[in-house]
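Take a look at the structure below.
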Ligand code: AGP
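In the numbering used here, the protein residues as written are 153 to 764.
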């Protein structure tokens with residue numbers, strides 16, 4: 153996610169701002185910038201790291217005791233200098249930084265262009281600062297009122313900070329959906345996306361609430377009002393956490409933080425794409441190719457690791473919902489086996505980092521052979537994203553833990569949206585059924601929230617398996633890829649050998665492994681071939697295997713057989729992977745922690761495998 157830092161007080165702002173950005177580097181970003189006011193408004197920004205920005209501003213005028221600074225995680229517009237924040241208003245008298253996604257930015261942009269505004273970047277942020285400027289001029293109101301009116305016109309999520317050369321004693325901030333916290337010092341104020349950059353200056357903080365605007369004066373008291381113009385009394389809290397804990401948002405590991413971020417990351421993957429009222433799915437990134445996708449005789453999905461498991465879920469989704477044949481390929485295999493690729497083939501490349509060498513090489517080869525390449529990536533402007541014909545970003549935010557969690561569920565969310573969109577284009581799904589699925593999909597983030605509450609139950613029984621030497625994971629249909637993903641999670645962070653298998657395949661060999669030492673995780677949710685999975689569980693029971701079952705809430709059958717059981721909320725079969733994965737993430741995490749493994753940076757692994 154983007155990082156925001158602000159300062160107003162008696163000190164030089166620049167050193168505080170740049171140090172604040174360094175404190176926020178853990179959030180992941182691709183560019184950085186700063187705006188300072190002395191007698192004039194100075195703005196410096198650069199593609200690259202904070203260190204590159206420091207290099208870039210060497211020798212430049214860095215005077216000023218009010219300023220804002222930003223690290224950008226690109227959502228709209230490539231990662232480059234032009235799109236980096238801060239952004240100027242048209243008259244260059246305002247500078248704004250922003251974390252979040254403004255969904256209606258393109259319609260606002262068109263309106264502002266009609267009123268003579270010219271834009272330099274592709275960002276939604278630049279539209280917002282021009283809108284504030286436009287409102288201030290045309291409504292003839294002061295800056296705070298202009299911000300308030302403008303924020304009532306935007307749809308989406310924002311955390312913003314704004315400075316004005318005409319108001320050098322005023323820092324303005326506002327939030328909706330993206331966090332902002334104000335540090336209260338002695339005659340000075342600090343602003344940041346989280347408390348990490350503040351903790352060395354002050355422990356007194358005010359967390360902005362939804363739709364609140366902070367009016368931060370150079371001298372005097374902090375004022376807060378809502379965008380509906382309701383005055384609010386600032387609630388000052390005392391920070392307890394230390395710095396390293398803060399970077400992880402109070403969690404022990406980034407992986408655990410990212411598991412808990414999934415209600416938000418799944419919501420962000422759907423944001424602006426699922427419209428229940430209109431009963432539509434809109435994926436702007438593939439709009440020019442969706443007809444071609446709907447007519448495809450075959451879709452090839454290429455990925456590695458966890459993303460390959462998401463591709464397997466994608467296979468079930470597209471064949472089940474969109475009725476298009478799908479082949480799933482490991483990037484490393486696909487690139488070397490000289491596959492037969494036709495010009496009407498669609499190749500979907502799935503990659504969190506967008507830099508995985510095998511996946512990148514595979515799509516280059518497919519592109520040369522004439523296929524159409526569609527990307528499902530998390531990092532905007534990454535190599536794979538740049539080399540596809542079109543694509544849909546997952547918007548999961550930076551994933552720091554090497555073991556992928558929220559990126560997987562975000563990939564599955566995007567693939568679900570794609571399958572639904574293509575199905576609706578092909579007309580092979582009744583409108584009523586389509587609407588029913590959209591309504592259910594919208595409930596997934598809250599069902600994920602409910603599933604996250606299983607953490608303590610799983611922590612309890614996971615202790616028993618701390619020193620197990622092998623695990624089997626079984627699932628059928630949509631849950632077969634979930635079994636593979638659960639096994640990979642355990643392997644890569646606890647170093648316990650684990651295998652995922654289609655449940656019925658157990659009879660063709662792995663059943664020989666079953667004894668009282670073998671824990672078997674079975675995903676036995678009510679949808680799909682539930683009865684068959686039940687008999688698979690009986691077979692395991694008969695051989696004294698230890699059964700850990702993931703079932704649908706209220707299940708009574710599996711309860712009679714399983715040694716341990718967690719219940720996830722009921723949902724449509726196609727959405728079960730989004731819920732069933734979560735208990736397996738927790739199981740792997742808690743076992744790995746008990747084994748004192750380096751959960752965020754497991755041995756031998758890299759977050760992005762950019763080499764063969
Ligand atoms: C998953 O937990 C691993 N970190 C790894 O398998 C990863 O999914 C794989 O390397 C693919 O990475 P990508 O999604 O960035 O292409």
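Even for Gly, the Cβ is constructed at its ideal location relative to N, Cα and C.
Reduced DSSP secondary structure (H/G/I, E/B, other) of residue i
| i | result |
| --- | --- |
| residue 389 | strand |
| residue 521 | coil |
| residue 421 | helix |
| residue 193 | strand |
| residue 669 | coil |
| residue 541 | coil |
| residue 685 | helix |
| residue 653 | strand |
| residue 336 | strand |
| residue 222 | strand |
| residue 641 | helix |
| residue 551 | coil |
| residue 101 | This structure cannot speak to residue 101, because the chain is shown only from 153 to 764. |
| residue 309 | coil |
| residue 623 | strand |
| residue 269 | coil |
| residue 239 | strand |
| residue 677 | coil |
| residue 401 | coil |
| residue 564 | helix |
Any non-hydrogen atom of the ligand AGP closer than 6 Å to residue i Cβ
| i | result |
| --- | --- |
| residue 456 | yes |
| residue 233 | no |
| residue 484 | no |
| residue 546 | no |
| residue 203 | no |
| residue 565 | no |
| residue 421 | no |
| residue 744 | no |
| residue 187 | no |
| residue 761 | yes |
| residue 174 | no |
| residue 513 | no |
| residue 733 | no |
| residue 556 | yes |
| residue 534 | no |
| residue 540 | no |
| residue 504 | yes |
| residue 459 | yes |
| residue 508 | yes |
Distance between residue j and residue i (C-alpha atoms, nearest Å)
| i | j | result |
| --- | --- | --- |
| residue 275 | residue 427 | 23 Å |
| residue 171 | residue 736 | 38 Å |
| residue 257 | residue 510 | 36 Å |
| residue 543 | residue 579 | 22 Å |
| residue 582 | residue 286 | 45 Å |
| residue 701 | residue 613 | 12 Å |
| residue 719 | residue 665 | 27 Å |
| residue 416 | residue 597 | 7 Å |
| residue 587 | residue 254 | 25 Å |
| residue 470 | residue 528 | 15 Å |
| residue 251 | residue 321 | 23 Å |
| residue 235 | residue 273 | 5 Å |
| residue 174 | residue 185 | 12 Å |
| residue 323 | residue 368 | 5 Å |
| residue 668 | residue 698 | 6 Å |
| residue 348 | residue 168 | 13 Å |
| residue 484 | residue 518 | 13 Å |
| residue 363 | residue 379 | 6 Å |
| residue 652 | residue 729 | 14 Å |
| residue 311 | residue 685 | 47 Å |
| residue 164 | residue 214 | 9 Å |
| residue 94 | residue 650 | Examination of residue 94 is not possible in this model, given that the chain is present from 153 through 764 alone. |
| residue 603 | residue 495 | 43 Å |
| residue 658 | residue 467 | 22 Å |
| residue 687 | residue 567 | 31 Å |
| residue 291 | residue 298 | 8 Å |
| residue 269 | residue 569 | 35 Å |
Residue i at chain D interface by Cβ criterion, 7 Å
| i | result |
| --- | --- |
| residue 592 | Considering every chain present, this structure includes no chain D. It has just one protein chain. |
Could you tell me which whole beta strand (DSSP E) segments of length 3 or greater appear in the stretch 428-466? DSSP runs (the beta strand (DSSP E)) wholly in the stretch 428-466: 451-455.
In chain order, which beta strand (DSSP E) runs of at least 3 residues are fully inside the stretch 337-390? As far as the stretch 337-390 is concerned, its whole beta strand (DSSP E) runs of at least 3 residues are 341-344, 356-359, 364-369 and 375-378.
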